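For reference, the structure is listed below as structure tokens.
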Amino acid sequence: MINLALPRPLHVERVPIRVVLITGAISYFLAVGAVFEGFPLWGIVLAALLPWIPMFGMEAIWKYEHYGFYAFFAAAMVLQLGHLAEHATQVGQLLATHGDLSRSRGVFGQLDFEDVHFVWDTGVWLSTCLLLYK
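Its first residue numbered 951, the sequence shown is counted upward by one per residue in the numbering used here.
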């Protein structure tokens, strides 16, 4: 039989499940409120993500205390998944706008310039080197 369960370090271990559910509900209602208030797409996504930051931070600190540098790798992975989702959104927008680059800026279009990519990619390279060193 194949075990498809996530490894234990990828589970939420420090934060109680009720806090995760409450955070999800708050995130949902903030996103809906942002839609009704007419926020731009980046504002809606930011409103939905903000409640998760304290919970993610608490979980990351706990994981670092118990799993060491593996927690740093997990945090870097989550941030890279967000970066990947941003680029996937841009590709979807390119398809929807028939290749119009001016309307295909992603969710956080304000960050879509080369200085940000240089800093981000430098951080990814340094993180990778640090992980390989450890």
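Just so you know, even glycine gets a beta-carbon here, dropped at the ideal spot from N, CA and C.
Values in this document were obtained by computation on a predicted structure and should not be read as measured data.
Only counting the same chain, and skipping five residues up and downstream in sequence, which positions put a Cβ closer than 7 Å to that of residue 991?
Taken in chain order, the residues that qualify are 1057.
Report the residue ranges of all alpha helix (DSSP H) runs contained in full by the region 961 to 1047; include only those spanning at least 4 residues, in chain order.
967 to 986, 991 to 999, 1002 to 1017 and 1020 to 1046
Residue 956 (DSSP reduced to helix, strand or coil):
In the structure shown, residue 956 sits in coil (DSSP, three-state: anything other than H, G, I, E or B).
Are residue 971 and residue 997 close, meaning C-beta to C-beta below 7 Å?
no
So residue 1081 and residue 1006 are in contact, right, with Cβ under 8 Å, and what is the actual spacing, rounded?
Residue 1006 and residue 1081 do not touch by the CB rule: their CB atoms are close to 19 Å apart, not below 8 Å.
Along the alpha helix (DSSP H) that carries residue 1076, what are the first and last residues, could you check?
Unbroken alpha helix (DSSP H) run through residue 1076: 1064 to 1083.
Apply the 10 Å Cβ neighbour rule to residue 1052 and answer buried if 16 or more other Cβ atoms are within range, or exposed otherwise.
exposed
Could you pull out every residue in the same chain whose Cβ sits closer than 6 Å to the Cβ of residue 976, ignoring the five residues on either side in sequence?
1001
Closer than 7 Å by C-beta to residue 1017: which residues in its own chain qualify, once you throw out the five before and the five after it? Chain order, please.
959
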